[in-house]
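Heads up, the thing below is written out as structure tokens.
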Amino acid sequence: MIILMGVAGAGKSMQGRLLADEKGYSWISTGEILRVLVTGKRRQEMLEGKLLSDDEIIRLIDKILELIDVHEEFMLDGFPRTTRQAEWLIEQAKKGRFNITGVFHLAATEEVVLERLKKRGRVDDTDTAIRKRFDEYHQVTLPIIDHFKAENIPVFDINGDQDARIVHDQILKNLP
Ligand code: AMP
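Heads up: the sequence shown begins at 36 in the working numbering, then just goes up one per residue.
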């Protein structure tokens with residue numbers, strides 16, 4: 036399992052797609068899946084940039100992992116995003132459900148990311164929702180990286196400001 040991490044606009048989904056096509060890996064993006072599934076008030080919360088509950092997301096990932104062959108390489112994009120989600124994932128790996136190959140952390144500057152999100156123009160790319168996702172990322176998601184390091188899971192920091200093809204090549208170079 037390869038974990039793609041990075042703030043909104045850092046290029047996780049772009050890299051997920053490129054790797055899926057080139058290497059034939061499954062690309063599991065919780066954001067994409069939730070945008071298909073979630074309705075009503077929770078959809079509204081998503082559009083405001085709020086995270087959905089850990090219980091709900093963990094239940095969802097648990098089911099999705101039953102649909103694929105976890106012994107083949109696959110990517111997670113957008114999960115884990117909180118300490119509780121990361122702890123669940125590490126626990127599942129320790130139980131032998133799958134192997135965590137490594138974490139690719141796409142570190143991008145706010146300036147570059149804002150420009151990309153403006154161009155992308157997704158419904159949740161409003162100024163307030165972007166700000167909320169940035170804050171959440173720094174306060175809640177980034178600390179997860181230390182968890183992975185403490186568990187001796189390889190973490191690769193990649194400059195996400197670079198052109199997507201360069202980022203892609205750097206990911207490929209670090210894949211086993
Ligand atoms: P993304 O496409 O990764 O930017 O995700 C879009 C939205 O989906 C987020 O702003 C959250 O509301 C929700 N979401 C995606 N992944 C998670 C997760 N792991 N935990 C909680 N909420 C999530």
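Every residue gets a Cβ at the ideal spot worked out from N, C-alpha and C, and that includes glycine.
> Among Phe183, His203 and Arg168, which residue has its Cα nearest to the Cα of Val42?
Replying inline: Within the sequence shown, numbered from 1, the residue matching residue 42 stands at position 7. Taking each of Phe183, His203 and Arg168 in turn and checking the Cα distance to Val42, the smallest one comes out for Arg168.
> Apart from the five residues on each side of it in sequence, which residues of its chain come closer than 6 Å, Cβ to Cβ, to Ala6?
Replying inline: In the structure as shown, the chain starts at 36 and stops at 211, and residue 6 therefore has no counterpart that could be examined.
> I think Phe133 touches Ile63, with their Cβ atoms under 8 Å apart; what is that distance to the nearest whole Å?
Replying inline: In the sequence shown, counting from the first residue as 1, residue 133 sits at position 98. In the sequence shown, counting from the first residue as 1, residue 63 sits at position 28. Actually they do not touch by this definition, with Cβ atoms about 12 Å apart.
> If you drop the 5 nearest sequence neighbours on each side, which residues of the same chain put their C-beta closer than 6 Å to that of Ile96?
Replying inline: In the sequence shown, the residue the question calls residue 96 occupies position 61. Excluding residues within five positions, the ones whose Cβ falls inside 6 Å are Phe114.
>> Check whether the region 98–108 and the region 179–195 touch, using three or more Cβ-Cβ pairs below 8 Å as the test.
In response: no
>> Any beta carbon of chain D sitting closer than 7 Å to that of Lys76?
In response: The structure shown contains no chain D; it holds only a single protein chain.
> Can you name, in chain order, every residue of its own chain whose Cβ lies under 8 Å from the Cβ of Ala45, other than the five neighbours on each side?
Replying inline: Looking up residue 45 in the sequence shown gives position 10. Closer than 8 Å at Cβ, skipping near neighbours: Leu141, Ala142, Ala143, Val148 and Gly195.
>> Between Ile125, Met81, Ser61 and Gly59, which has its C-alpha nearest Leu69's C-alpha?
In response: Taking the sequence shown and counting its residues from 1, the one referred to as residue 69 is at position 34. The shortest Cα separation from Leu69 among Ile125, Met81, Ser61 and Gly59 belongs to Met81.
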